[in-house]
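Engineer:
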Amino acid sequence: MMRFTLPRDMYYGKGSLEQLKNLKGKKAIIVLGGGSMRRFGFVDKVEAYLKEAGIETQLFENVEPDPSVETVMKGAAQMREFEPDWIIAMGGGSPIDAAKAMWVFYEYPETTFEEIIQPFSFPELRQKAKFLAIPSTSGTATEVTAFSVITDYAKGIKYPLADFNITPDVAIVDPDLAETMPPKLVAHTGMDALTHAIEAYVSTLNSPFTDPLAIKAIQMVIDYLPNSFGGDMEAREQMHYAQCLAGQAFSNALLGIVHSMAHKTGAAFSTGHIPHGCANAIYLPYVIKYNAKEAENRYADIARSIGIVGTDAECVKALCDKIDEYNAKLSIPKTLKEFGINEEEFKQKIAEISVNAVGDACTGSNPRTITPAEMEQLFTCIYYGTEVDF
Numbered sequence: 005m006m007r008f009t010l011p012r013d014m015y016y017g018k019g020s021l022e023q024l025k026n027l028k029g030k031k032a033i034i035v036l037g038g039g040s041m042r043r044f045g046f047v048d049k050v051e052a053y054l055k056e057a058g059i060e061t062q063l064f065e066n067v068e069p070d071p072s073v074e075t076v077m078k079g080a081a082q083m084r085e086f087e088p089d090w091i092i093a094m095g096g097g098s099p100i101d102a103a104k105a106m107w108v109f110y111e112y113p114e115t116t117f118e119e120i121i122q123p124f125s126f127p128e129l130r131q132k133a134k135f136l137a138i139p140s141t142s143g144t145a146t147e148v149t150a151f152s153v154i155t156d157y158a159k160g161i162k163y164p165l166a167d168f169n170i171t172p173d174v175a176i177v178d179p180d181l182a183e184t185m186p187p188k189l190v191a192h193t194g195m196d197a198l199t200h201a202i203e204a205y206v207s208t209l210n211s212p213f214t215d216p217l218a219i220k221a222i223q224m225v226i227d228y229l230p231n232s233f234g235g236d237m238e239a240r241e242q243m244h245y246a247q248c249l250a251g252q253a254f255s256n257a258l259l260g261i262v263h264s265m266a267h268k269t270g271a272a273f274s275t276g277h278i279p280h281g282c283a284n285a286i287y288l289p290y291v292i293k294y295n296a297k298e299a300e301n302r303y304a305d306i307a308r309s310i311g312i313v314g315t316d317a318e319c320v321k322a323l324c325d326k327i328d329e330y331n332a333k334l335s336i337p338k339t340l341k342e343f344g345i346n347e348e349e350f351k352q353k354i355a356e357i358s359v360n361a362v363g364d365a366c367t368g369s370n371p372r373t374i375t376p377a378e379m380e381q382l383f384t385c386i387y388y389g390t391e392v393d394f
């Protein structure tokens, strides 16, 4: 038996933030990132709509990019004191991911972080609060997914948390918020969305329910990402919907080793943090070449859906070329060396990183199995830009 789970309600379109004034509840804590939502006036709008709904509010601000275990615990403590019946997370993936994890420790203070690292092991939520998510970036799609990524900086590892319990109850996908993204964030989040959709389509858990969402998301990203990057706000709106479709697909079909690798390298190198979407974009064409030995026909389906023609092998090569072309347009490096990762540090750490990546929660649904030795070989190809031929 398989399962397909989405938020109960999704509101979308310009101005859909106004739906907050119809929310039923008594208290809401609003979890926010670094301040852009306040600067652009969206926090004031949210508070005004909730006041109109008769809901008392409190803010938890300054969730950092790649939120930490410490931030999660701090937010949960504030929730236990305030006792909200709604948790509202607004911003990029970081505040929404952090709020999902806070939710667990708010309702179950005795739970340990180690207990929830195991996929689909969460206690039953909604004992104290429901969850509403409002994304301001067009990539993570955490507003519709059963996932959260939290970083343990002491260990230099990102933990992907997975459980249908943390799928939000309500998502408000208002493209007005996405208009505030700077170009580099448009690039990274857009390629993150493309990776989500491609990995969902080739996942071992793909299904007739997830395939159409994944393919439509891929087509929309290919159509709209370059113009969105260039500042076209109509394209920006369509990208906001595309990433949400990709999220609906991967939340149910799961992901693959592009994400396993990104999770375990984002915070691993002292010479430079690798933004999640940027890491995905770099790794994606190399992983396609590795996975094609088991999933060539699925990647060829993707290629044909965006107008590429030829044999399966020709289609896969052209798909990789298309991704390389988009990365170049978006100023994303082709290799880890080009990104700026120190070669000696890479050599020193890559064996341990490879073991951690193979053990990541996303590896299990990758279409081709991989050993730590093969993972290290794949990372080495990505570092130097050499051909994946194994």
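Here the sequence shown stands for residues 5 to 394, where the numbers follow this note's numbering.
Yeah, the Cβ is synthetic: ideal placement off N, Cα and C, and Gly gets one too.
Nothing here was measured: the structure is a model prediction, and the numbers come from that model.
#1: Report the option in D305, V67, I34 whose CA atom is closest to the CA atom of V47.
#2: How is V67 classed by DSSP in three states: helix, strand or coil?
#3: Under three-state DSSP, which class holds K338?
#4: Leaving out the 5 sequence neighbours to the left and right, which residues in its chain are closer than 6 Å to P139 when beta-carbon positions are compared?
#5: I'd like the list of long-range same chain contacts for G314, defined as Cβ closer than 7 Å, with 5 residues on each side in sequence excluded.
#6: To the nearest whole angstrom, what separates the beta carbons of K268 and K162, a pair I think is in contact under 8 Å?
#7: Rounding to the nearest angstrom, what Cα-Cα distance links C248 and S264 in this structure?
#8: At the level of alpha carbons, what is the spacing between P212 and A218?
#9: Answer yes or no: do R372 and N284 have a C-beta to C-beta separation smaller than 8 Å?
#10: Throw me the rounded Cβ distance for the I170 and L136 pair, which I believe falls under 8 Å.
#11: By Cβ distance below 6 Å, which residues in the same chain neighbour N346 in space, the five residues on each side in sequence not counted?
#12: Mark S232 as exposed unless 16 or more other C-beta atoms lie within 10 angstroms of its C-beta, in which case mark it buried.
#13: First and last residue of the alpha helix (DSSP H) that includes S207?
#14: Beta-carbon separation of A365 and P123 under 8 Å?
#15: Can you name, in chain order, every residue of its own chain whose Cβ lies under 8 Å from the Cβ of E128, other than the five neighbours on each side?
#16: Just the Cα atoms here: how many angstroms apart are D13 and P88?
#17: Taking P164 as part of the beta strand (DSSP E), name the residues at either end of that continuous run.
#18: Cα separation between Q82 and Y112?
#19: A166 and L209: beta carbons closer than 8 Å?
#20: Using 8 Å for Cβ pairs, my map puts A182 next to T149. What's the rounded Cβ distance?
#21: Checking 8 Å against the spacing of the C-beta atoms, do L36 and M94 come in under that value?
#22: Quick one: give me the first and last residue of the beta strand (DSSP E) that M14 is part of.
#23: List the DSSP bridge partners of A137.
#24: Just list the residues that DSSP pairs F151 with in beta bridges.
#25: What is the rounded straight-line gap between the Cα of L189 and the Cα of G234?
#26: Just to confirm, is the Cβ distance from K28 to F86 under 8 Å?
#27: Name the DSSP beta bridge partners of Q62, please?
#28: Among all the DSSP beta bridges, which residues are the ones paired with S72?
#29: Quick test of your reading: A271 and T155, contact by CB under 8 Å. State the CB separation rounded to the nearest angstrom.
#30: Beta-carbon separation of L21 and K49 under 8 Å?
#31: When you compare each of V206, P289, V262 to A332 by their alpha carbons, which one comes out closest?
#32: Between the Cα of D196 and those of V174, L334, P216, E119, spot the shortest distance and give me the residue it belongs to.
#33: Along the chain, which unbroken stretches of the alpha helix (DSSP H) at least 4 residues long are found entirely within the segment 227-288?
#34: Quick check: I286 and P337, are their CB atoms within less than 8 Å of each other?
#35: Would you kindly report the start and end of the unbroken alpha helix (DSSP H) that includes P376?
#36: Just how far apart, CA to CA, sit M6 and C319?
Structural biologist: On the basis of the data shown:
#1: Your numbering for residue 47 matches position 43 in the sequence shown. Per the Cα distances, I34.
#2: Position 63 of the sequence shown holds residue 67. Coil, per DSSP.
#3: Residue mapping note: residue 338 aligns to position 334 of the sequence shown, counting from 1. It is coil, neither helix nor strand.
#4: Reading the sequence shown from its first residue, position 135 is the one you call residue 139. Once the five neighbours on either side are set aside, the close Cβ partners of P139 are E147.
#5: Residue mapping note: residue 314 aligns to position 310 of the sequence shown, counting from 1. If we look at G314 and ignore the five residues flanking it on each side, its Cβ neighbours are A322.
#6: Counting from one through the sequence shown, the residue named residue 268 turns up at place 264. Counting from one through the sequence shown, the residue named residue 162 turns up at place 158. Contact flag correct, Cβ pair sits at about 7 Å.
#7: Sequence index remark: in the sequence shown, residue 248 carries index 244 (1-based). Sequence index remark: in the sequence shown, residue 264 carries index 260 (1-based). C248 and S264: Cα-Cα distance of roughly 21 Å.
#8: Your numbering for residue 212 matches position 208 in the sequence shown. Your numbering for residue 218 matches position 214 in the sequence shown. Those two C-alpha atoms are separated by around 10 Å.
#9: To locate residue 372, count along the sequence shown from 1; it is residue 368. To locate residue 284, count along the sequence shown from 1; it is residue 280. No, the Cβ-Cβ distance between R372 and N284 is not below 8 Å.
#10: Counting from 1 along the sequence shown, the entry for residue 170 is found at position 166. Counting from 1 along the sequence shown, the entry for residue 136 is found at position 132. In fact, because the Cβ distance is near 13 Å, the residues do not count as touching under 8 Å.
#11: As a first step, residue 346 is located in the sequence shown; it is residue number 342 there, counting from the start. Result list for N346: T275, in chain order.
#12: Within the sequence shown, residue 232 is the residue found at index 228, counting from 1. That one is buried.
#13: The count along the sequence shown starts at 1 and reaches residue 207 at position 203. It is not in any alpha helix (DSSP H) - S207 carries neither H nor E in the DSSP assignment.
#14: For this step, residue 365 is matched to residue 361 along the sequence shown. For this step, residue 123 is matched to residue 119 along the sequence shown. Closer than 8 Å, so yes.
#15: As a first step, residue 128 must be located in the sequence shown, where it is residue number 124. Only N169 meet the Cβ criterion.
#16: Here residue 13 refers to the residue found at position 9 of the sequence shown. Here residue 88 refers to the residue found at position 84 of the sequence shown. Those two C-alpha atoms are separated by around 20 Å.
#17: Within the sequence shown, residue 164 is the residue found at index 160, counting from 1. 161-166 is the extent of the beta strand (DSSP E) around P164.
#18: Translated into the one-based positions of the sequence shown, residue 82 becomes position 78. Translated into the one-based positions of the sequence shown, residue 112 becomes position 108. Each residue's Cα considered, the two are about 14 Å apart.
#19: Start at 1 with the first residue of the sequence shown, and residue 166 comes out as number 162. Start at 1 with the first residue of the sequence shown, and residue 209 comes out as number 205. No, these two residues do not count as a Cβ contact at 8 Å.
#20: The count along the sequence shown starts at 1 and reaches residue 182 at position 178. The count along the sequence shown starts at 1 and reaches residue 149 at position 145. So it is not a contact: roughly 17 Å between Cβ atoms.
#21: Residue mapping note: residue 36 aligns to position 32 of the sequence shown, counting from 1. Residue mapping note: residue 94 aligns to position 90 of the sequence shown, counting from 1. Result yes, Cβ atoms of L36 and M94 sit closer than 8 Å.
#22: Position 10 of the sequence shown, counted from the first residue, corresponds to residue 14. Unbroken beta strand (DSSP E) run through M14: 13-16.
#23: Mapped onto the sequence shown, residue 137 falls at position 133. According to DSSP, A137 bridges with A93, A175.
#24: One-based indexing of the sequence shown puts residue 151 at position 147. According to DSSP, F151 bridges with A166.
#25: Here the question's residue 189 lines up with position 185 in the sequence shown. Here the question's residue 234 lines up with position 230 in the sequence shown. Cα to Cα, L189 sits roughly 12 Å from G234.
#26: Locating residue 28 in the sequence shown gives position 24, counting from the first residue. Locating residue 86 in the sequence shown gives position 82, counting from the first residue. Contact flag unset, no.
#27: The residue labelled residue 62 in the question sits at position 58 within the sequence shown. Paired residue(s): I33.
#28: As a working mapping, residue 72 is identified with position 68 in the sequence shown. According to DSSP, S72 bridges with T155.
#29: Counting from one through the sequence shown, the residue named residue 271 turns up at place 267. Counting from one through the sequence shown, the residue named residue 155 turns up at place 151. Confirmed, Cβ separation roughly 6 Å.
#30: On the sequence shown, position 17 is the one that residue 21 refers to. On the sequence shown, position 45 is the one that residue 49 refers to. Yes, they are a contact pair.
#31: Here the question's residue 332 lines up with position 328 in the sequence shown. Here the closest residue by C-alpha is P289.
#32: Working through the sequence shown from its first residue, we reach residue 196 at position 192. The shortest C-alpha separation from D196 is found at L334.
#33: 237-257, 261-269
#34: What you label residue 286 is simply residue 282 of the sequence shown in a count that begins at 1. What you label residue 337 is simply residue 333 of the sequence shown in a count that begins at 1. Cβ atoms of I286 and P337: closer than 8 Å.
#35: Taking the sequence shown and counting its residues from 1, the one referred to as residue 376 is at position 372. Counting along the chain, the alpha helix (DSSP H) containing P376 begins and ends at 376-388.
#36: In the sequence shown, residue 6 corresponds to position 2, counting from 1. In the sequence shown, residue 319 corresponds to position 315, counting from 1. When rounded, the distance between both Cα atoms is 30 Å.
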